[in-house]
Amino acid sequence: SIPYGVALSGQCMDVVDGSWRARPDLVAGDIVISGGSLARCYESDPELTASKFVVVEGVRWYRTGDRGRWLPSGEIEFLGRTDTQVKVHGHRIELKEIDSLATRAPDVARAVTVAHAPRAERPRDLALALFVVPDPDARDCEFDEYMSTSIALARRVAAGHAESGSREFLERSVAALAQRLAAYLSRQERHTMTCCEFARESPFSGAVTPVIHGFDYQYQLFVPDPAVHAGLGPDMRFEAHEWHEWDGTVPRDEQLGRANLIIIDAADPASLLRGLPVGTAGVACIVVTTAQDSVEQVRTALSTTGVDAVHMIGEATDSMTLLVGTIDRSRSELVEQHVRELLASNLPSGWIPASICVRTELPLTGNGKIDREKLITIADGLHAGAASRELPSEESRCLDLCRSVLRRPELTSTDNLFAHGADSLVMAQLVTAVREQLEQARGLPFDAVLRALMDDPRPIGLDSFLANASAASGGPAEERPALELPEDSEHGIALMRMAGPAQGGLLTVMAPGALLDSAYLQPLAEQLADGPVIGVRSSVPDWYLTLDPAKTFSELAQAIAPLITDLVPEQVRVVGHSIGGFIAAAISGALADLGVETRAPVVINATPPTLAGNDPMLKDMFFLSALGLPPAILGLQPEDLMSMASLVKRPSGSEGPIDIPAMIEDAATGEPALTGAIERLQNFYRMSEEQRLAGYARNHRRLTGETIDQQWLSSEHALFSHSYEASFAGPPVLLTNIHLVTSAQDNSYMPGVEEQRTAFWDSATVGEVRHYSTPGDHFSCVRPPLVKRLAETILRMEEGC
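First residue of the sequence shown? That's 20 in our numbering, and the numbers climb one at a time after it.
Rendered as structure tokens:
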């Protein structure tokens, strides 16, 4: 019996029926309240206000939604709810509001929230579990369809060779499923298929390994006597381990957590399922043999592992049958992420469900309604399975602090702290405890730790943040090995260390510029040393000059990316300036293709030169600047360039490159005030490339007294010209966002450059282009003193984009 209490001063309570008639003692009805303390309405919800606040015979009443009855003592006894409102950690929560909001997330067709008691000994201590069903018309259901077809095929193949329910039938079914799964993974280029089997007697490995022999796989067999079964595997890809079901433990083999195929043939498969670690494989199947009288028990246990759907192979009359659970975790994780983000931005923290489970179907009662009791059982199983799993030692201290501050000893590493009673004050207390008691957090700003907790309010998220922060700052005092920088001798490409610690979580790559060397970005590298910073240098550019300009940057990136992956970076940020910006985007895309986690590339002053075409003056201006030589070496006066800028205009409606020499010729007779400048510009354009380069060398010697090697200048010019021509190619298409930085002083002499730059980079990503401005001009922004301002802009960019 749960007492509801008596009315407060100034209030009146009653128990009524649907027609608002008072109920006698001990007869159940709806509890209603009236009095001056009632709220006026539900803000911005007139429909709910009208249903909850009712005027009867001139008295304004509020429907509480609670069911109860009068006791002879004059108190009201609480009997439950008339709606789906529950009380969790002091918060009154309307479950239907959570369901309604969750269905607004992308690709969600249905959502059901239940309140359950994770700990049986504390039945009133409730937590929320949300079950969502993806929209089959909106999501990518390729794996679901493939496995449904595969299960039907396995059933048909086995039935053609053996009696349903027999051992041979089960073996053929499992082998057919394994072969189909291996073929799917191979087709999706997901590399090695990891198989784990638990067998009490004769394992299925003898039937499975022959049919997957041609694929890349690893097979872990857990049996009571591994020596007897060691020969069942055909090669080194097979390992047998000792395991006894009677001791009640699940092996902590690291392969088990990322297995694509788990086969269970145990006396009590339900208990084994409840102890399985949460899988990390993108797609997976769990195949369980079970006696017919245990099918429902095993099906429920299988549901607690997070499978999307459960299928049966066999007949209802068979003594033994197979249950197959399929998981497409990549899709489930994306749906869960969308739901979590939507709930977090629209609900109070106390309303956020502790767990979200994505399923292709929900259990139904006999009359076709959602079976909430079964969902509660599944939620209890998911929590119990998570709580029973061992935690890595590095997680334990964060988890212990969370349990202590929240006074929740049952917390697991993946629990949402807000869903277990935390609020902003508790989070602040937790941050204080973390900074006082954990060595790796003592030097971190309070706000940084608090922001990390708010972004990911789980103990495991806190541990990950502290590990990354420790790595970025150089970590504990232990000695860190220096980066071994690989090189590609065939193409003459080498990585070079530029700045930062030897190791760290974030690796910054300074893309080479048009001359295939990152060295000129050394000042910027030193300002971005929040982790190791490396550059790229090419010592033998001959092969580069033979590449098709339309594919040059792509092929260069494909040569550089494997060298970077050899460093096994946790995360990579690629930064490129000018023509190097195009190379940075190509490297970022090549790294993503190799499976490396990449942040959005940072592209600085990278503008395709298509408006000017292959204009020799503009090209050589950038060439000399890239060498660090003054523009005066062109042999022109400063006012000549300003005169050219005033003469160059794009005719209305014209397309294609602007013909600068033709415009200068047209202006020769119409601009007498510019006669001197026009003559010098005409003389420049009439020279051959060889004559221009010879003139640059003479002018440099005249202005500085230093001699430039003519052969070196020619070879550098050929290298720059090839990169310049390659920048005419269409952009790569990236899956990340792009950070586009432009200098405040636009020293371009061409009209329409800004619009062209924006259009180019907008077409280079399926994400978004984020625009930033930095002081200086095209080159001064990457040189002291302005480089510091540029670095500050880059370091403020949103992480992980």
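In this text, a Cβ means the ideal position worked out from N, Cα and C, and glycines have one as well.
Q | Residue from V107, V152, S63 with nearest C-alpha to P125 | A | V152
**Q.** Reference E258; option with closest CA among L240, E264, M529
**A.** L240
Q: Could you tell me whether the Cβ atoms of V131 and G369 are closer together than 9 Å?
A: no
**Q.** Unbroken beta strand (DSSP E) run spanning L57, endpoints
**A.** Element bounds for L57: n/a, residue is neither H nor E.
Q: Give the single residue among L189, H232, S742, T379 whose Cα lies nearest to the Cα of W562.
A: S742
Q) Going by alpha carbons, who is nearest to G48 out of G87, G654, L383, E76? A) G87
Q: Please say whether S537 and A530 have beta carbons closer to each other than 9 Å?
A: yes
Q: Compare the C-beta of L732 with all C-beta atoms of chain B and state if any pair is closer than 9 Å.
A: Of the protein chains in this structure there is only one, and it is not chain B.
**Q.** Closest Cα partner of A611 within the set P520, A521, D781, P581
**A.** P581
Q.
Please identify the residue among G29, Y203, R82, L648 whose C-alpha is closest to the C-alpha of S38.
A. R82
Q. DSSP puts C376 in a beta bridge; with which residues?
A. F150
(Q) Pairs of beta-carbons, one from the segment 110 to 129 and one from the segment 345 to 361, closer than 8 Å: are there three or more? (A) yes
**Q.** Uninterrupted beta strand (DSSP E) stretches inside the segment 736 to 775 (no shorter than 3 residues)
**A.** 757 to 762
Q) If you drop the 5 nearest sequence neighbours on each side, which residues of the same chain put their C-beta closer than 7 Å to that of A286? A) R219, E264
Q | For T793 and E811, the rounded distance between their alpha carbons | A | 10 Å
Q. Is V133 closer than 9 Å to L120 when the C-beta atoms are compared?
A. no
Q) Beta-carbon separation of I813 and L722 under 9 Å? A) no
(Q) Please state the DSSP three-state secondary structure of E498. (A) Because E498 carries a pLDDT of 40, less than 50, the predicted location of this residue cannot be relied on, and the following value inherits that uncertainty. DSSP places E498 in coil when its eight states are reduced to three.
Q.
Looking at the secondary structure, which residues open and close the alpha helix (DSSP H) in which G599 lies?
A. 598 to 612
Q. Taking the C-alpha atoms as reference points, what is the distance between Q522 and L196?
A. 43 Å
Q. Of the residues R206, S746, G654, which one's Cα is nearest the Cα of D235?
A. R206
(Q) For Y203, report the span of its beta strand (DSSP E) as first-last. (A) Here Y203 belongs to no beta strand (DSSP E); instead the alpha helix (DSSP H) covers 186 to 206.
Q) Nearest to P750 by CA position, among A177, G608, I679, is which residue? A) G608
Q: Would you kindly report the start and end of the unbroken alpha helix (DSSP H) that includes R138?
A: From DSSP, R138 is part of no alpha helix (DSSP H); its letter is neither H nor E.
Q.
To the nearest angstrom, how far is the alpha carbon of L381 from that of T211?
A. 32 Å
Q. In this structure, does DSSP put G654 in helix, strand or coil?
A. coil
Q) Any idea which residues DSSP pairs T617 with across the strands? A) V591
**Q.** Span of the beta strand (DSSP E) around K570
**A.** Run containing K570: none; DSSP gives neither H nor E here.
Q | Buried versus exposed, by CB contacts within 10 Å (16 or more), K570 | A | exposed
Q: Report yes if the C-beta distance between L463 and C417 is below 9 Å; otherwise report no.
A: no
Q: Put H15 into one of helix, strand or coil per three-state DSSP.
A: What is shown of the chain runs 20 to 820, which leaves residue 15 out entirely.
Q. DSSP beta-bridge partners for P22?
A. E96
Q. CB-CB under 8 Å to E498, same chain, minus the five flanking residues each way: which ones, in chain order?
A. In this prediction, E498 has a pLDDT of 40, which is less than 50 and means its spatial position is unreliable; nothing more can be read from the coordinates.
Q) Are at least three pairs of beta-carbons, each pair with one atom in the segment 774 to 783 and one in the segment 796 to 805, less than 8 Å apart? A) no
Q | Residue burial classification, L809 (beta-carbon count within 10 angstroms, cutoff 16) | A | buried
Q | C-alpha gap between N756 and P620, whole angstroms | A | 8 Å
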